Amino acid sequence: MEEVRVRIAPSPSGNLHVGTARTALFNFLFAKKNNGKFVLRIEDTDAERTSQEYIDNIFDSLKALGLNWDEGPDVGGPFGPYTQSERFDIYPKYVQQLLDSGFAYECFCTPEELEAEKEEATRNKKPYVYSKKCENLTEEEKAKLRAEGRKPAIRFNIAKAQKAFHDSSILKFDDLVKGELHMDTDLLGDFVIQKSNGAPTYNYAVVIDDMLMKISHVIRGEDHISNTYKQILIYEALGAEVPKFGHLGMILAPDRSKLSKRHGATAVSDFVKEGYLTEALINFVALLGWAPSDGEEIKPVDKIAEDFRINEISSSNSIFEYDKLKWMNSHYIKMLSMEELKKRLLPYLEKYNLSELTDEQFTRMIEVTREPLILLSDITDAVTYFFGETVDIEPEVQTEVLDTETSQEVLKEYLEQSKDWEYTEENLHEKLDTFRGFFKEKGIKPKVTMWAIRAAVTGKTRGADMTATLAILGKDKVEKRIKAAIK
RNA sequence: GCCCCCAUCGUCUAGAGGCCUAGGACAACACCCUUUCACGGUGUAGACAGCGAUUCGAAUUCGCUUGGGGGUACCA
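Per my numbering, residue -2 is the first one in the first sequence, and the count goes up by one each step.
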């Protein structure tokens, strides 16, 4: 069997989108599963929308997700260059071949003429298909047009190719994920393969690149289905081997529209900034359209690769639910080692003066606050009361907890009894236990007792384990805060 | 408008004619655990879009309808 070669070909007109990441993942998985090669190609034909920043973002995001490519702009490979803008000199050759074999022709129509054709079509409620009026221009006519200063675009002759290689106008192909797909090519219209300025168009350039890079399987979003027919015809006209195609359903926002910024993060780097783990993101995105055979949903990419079968991918669109991603993220955070977690949390702790804590205290603080983290960024709010001499008391905490008589009583008693307490967790655990017992006898629930202390010390009604919190803060800060809370 | 694709709980999905009174995960709700929140545990609720056809038998096959998505560029 021939070598499996797949590719991801993002166009750097924005940061790497999660949709592209998923397509990249499925390509990557397919390559892994079949011992093939995964190629990265940058499609920067549209120079105006391209920027180096986006290219870097694509590289970094793909790497962060663990989707390493075997061939690409940075690592090279036998079929380079892997950046489209550096390949411009190879496209005209095949245009010429197409021209010579009659599968393409020069088109001198102006944008205005084309516009008029389209208007005419819509006026008559007819589907627009290019009129082909330049198909049979004589050499004299062409020379005359050229003399007028017109520069021709090159169009691909759909009908000619279709007739040459197929029985009817219906073109069929067997899609790796959707099964047999078909289209009446009479409805396609002769499309431009080379613009009048000499630049190749997308549909043409992809074919040339994929052909030259020996891509065996093209796995991409279903928004490319209609392009596929055009591309197949180009391969055939060129006498090249047609690769296998597989089209994935799209990822939609919860409102079923296209996933866009207004729904939240869309670029991989946005998710990372918000505190998502790339491990969680890639795992989650794999589950959009694919299900593990053993039902184990939490699974690293290499394990997914073992289980992956392209024909088992769902052919329908799927909605990007942030809820499940969050659940998965919290799961991955729980699996992180302390060392790794601390490292990853650091960027979200920049606003604090970490020198207030010893290494030991810092570690303990993370240990007792990591449990409820859904996003890495949640740590910022979770540890706020560990820093500074005083704390901000939430208004509700003030009125509902601290202002009560019971709380005041508890706090005064705490100051009194805790005078000679040693602030180690072990000791505090014991002392607090008897302290709760002291109030329990007076008819005050342990819960209420603890709430008063928590409210005074942290300003909140919820938070990390109280014993640990007090120990980390130390006697000095605790007493200061309790005194401040007493009226 | 025309063409193409898709259709199982709110969401992601399992399901290839009898194993389906449709299974799992997230979310929701309830209870348990607990010095709080959370974690965890145990439960509850929740779907085959509709209509026809094929068949002894259909979520699974076929047709139509409806709904959703995509395409229709000298954008990629």
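Yeah, the Cβ is synthetic: ideal placement off N, Cα and C, and Gly gets one too.
In this text the structure is predicted, and so the values were computed from the model without any measurement.
In or out: residue i buried (at least 16 other Cβ within 10 Å) or exposed?
| i | result |
| --- | --- |
| Glu219 | buried |
| Asp268 | Per the sequence shown, residue 268 should be read as Phe rather than Asp. The residue is buried, with at least 16 neighbouring Cβ atoms inside 10 Å. |
| Ala288 | exposed |
| Thr182 | buried |
| Arg38 | buried |
| Ser290 | exposed |
| Ile248 | buried |
| Met335 | exposed |
| Ser313 | exposed |
| Pro70 | buried |
| Gly243 | buried |
| Thr464 | buried |
| Arg259 | exposed |
| Ala113 | exposed |
Suppose the cutoff is 7 Å on Cβ atoms and the five residues either side in sequence are ignored; what does the same chain contact list for residue i look like?
| i | result |
| --- | --- |
| Ala485 | In this structure the chain extends from -2 to 484, so residue 485 is not present and cannot be described. |
| Glu347 | none |
| Leu184 | Pro124, Val126 |
| Phe188 | Arg152, Phe153, Asn200, Lys227 |
| Gly471 | Tyr420 |
| Arg46 | Ser10 |
| Gln405 | Ile483, Lys484 |
| Leu399 | Ile390, Ala452, Ala453, Ala482 |
In its own chain, which residues sit with a C-beta less than 6 Å from the C-beta of residue i, not counting the 5 before and 5 after it?
| i | result |
| --- | --- |
| Leu322 | Phe281 |
| Thr17 | Pro7 |
| Gln191 | Val92, Ile151, Pro197 |
Return the CA-CA distance between residue i and residue j, expressed in angstroms with no decimal places.
| i | j | result |
| --- | --- | --- |
| Met180 | Ser327 | 45 Å |
| Asp375 | Val388 | 18 Å |
| Phe100 | Phe153 | 6 Å |
| Leu278 | Val3 | 22 Å |
| Asn308 | Arg84 | 33 Å |
| Pro297 | Glu276 | 7 Å |
| Glu50 | Lys331 | 33 Å |
| Leu13 | Ser257 | 13 Å |
| Leu274 | Ala234 | 46 Å |
| Val203 | Thr225 | 11 Å |
| Glu353 | Phe383 | 9 Å |
| Thr466 | Met362 | 8 Å |
| Ala237 | Thr377 | 57 Å |
| Met325 | Glu294 | 9 Å |
| Ile479 | Tyr411 | 9 Å |
With distances taken Cα to Cα, identify the nearest neighbour of residue i among the options.
| i | options | result |
| --- | --- | --- |
| Lys428 | Glu276, Lys439, Gly440, Ser415 | Ser415 |
| Glu423 | Glu357, Ala468, Gly440 | Ala468 |
| Leu504 | Val298, Asn308, Leu370 | No information on residue 504 is available, as it lies outside the stretch -2 to 484 that the chain covers here. |
| Glu110 | Gln94, Asn31, Ser98, Tyr127 | Tyr127 |
| Gly286 | Met463, Arg46, Ser315 | Ser315 |
| Arg306 | Ile5, Gly11, Pro9, Ala28 | Ala28 |
| Thr455 | Asp171, Glu410, Pro392, Thr401 | Pro392 |
| Tyr485 | Met208, Ala234, Glu271 | Given that the chain is displayed from residue -2 to residue 484, the structure contains no residue 485 and the question cannot be resolved. |
| Ala379 | Glu353, Leu412, Tyr345, Glu402 | Tyr345 |
| Ile310 | Ile5, Thr20, Ala461, Val1 | Thr20 |
| Tyr88 | Gly186, Ser166, Gly195, Lys444 | Gly195 |
| Gly440 | Thr403, Arg451, Ala461, Leu425 | Thr403 |
| Ala461 | Thr366, Glu438, Phe436, Lys444 | Thr366 |
| Ile52 | Glu68, Thr80, Asp67 | Thr80 |
| Ile167 | Thr446, Leu425, Ile229 | Ile229 |
| Lys157 | Ser48, Glu368, Leu96 | Leu96 |
| Glu68 | Phe76, Ala61, Asp356 | Phe76 |
For the alpha helix (DSSP H) holding residue i, just list the boundary residues, first then last.
| i | result |
| --- | --- |
| Lys331 | 319 to 332 |
| Gln405 | 402 to 414 |
| Arg84 | Neither: Arg84 is in no alpha helix (DSSP H) and is coded neither H nor E. |
| Arg433 | 422 to 437 |
| Phe305 | Premise fails: Phe305 is in no alpha helix (DSSP H) and is neither H nor E. |
| Val126 | Careful: Val126 lies outside any alpha helix (DSSP H) and carries neither H nor E. |
| Gln228 | 222 to 235 |
| Tyr51 | 49 to 61 |
| Ala113 | 108 to 120 |
| Ile441 | No alpha helix (DSSP H) holds Ile441; DSSP gives it neither H nor E. |
Which residue marks the beginning of the beta strand (DSSP E) containing residue i, and which one marks its end?
| i | result |
| --- | --- |
| His179 | 176 to 181 |
| Ala250 | Segment: none, Ala250 is in no beta strand (DSSP E) and carries neither H nor E. |
| Glu68 | First-last for Glu68: undefined, no H or E at that position. |
| Val497 | Since the first residue shown for the chain is -2 and the last is 484, residue 497 is missing from the structure and cannot be characterised. |
| Lys30 | Premise fails: Lys30 lies in the alpha helix (DSSP H), 15 to 30, not in any beta strand (DSSP E). |
| Glu103 | 101 to 104 |
Considering only residues of the same chain and omitting the five flanking positions on each side of residue i, which have a CB-CB separation below 8 Å?
| i | result |
| --- | --- |
| Thr119 | Tyr125 |
| Glu0 | Gly33, Lys34, Lys211, Ser213 |
| Arg341 | Leu274, Leu333, Leu373 |
| Thr360 | Met335, Lys339 |
Taking 8 Å as the cut-off, is the beta-carbon of residue i closer than that to any non-hydrogen atom of the ligand ATP?
| i | result |
| --- | --- |
| Thr377 | Absence of the ligand ATP from the depicted structure is noted, as is the absence of any ligand whatsoever, leaving it without description. |
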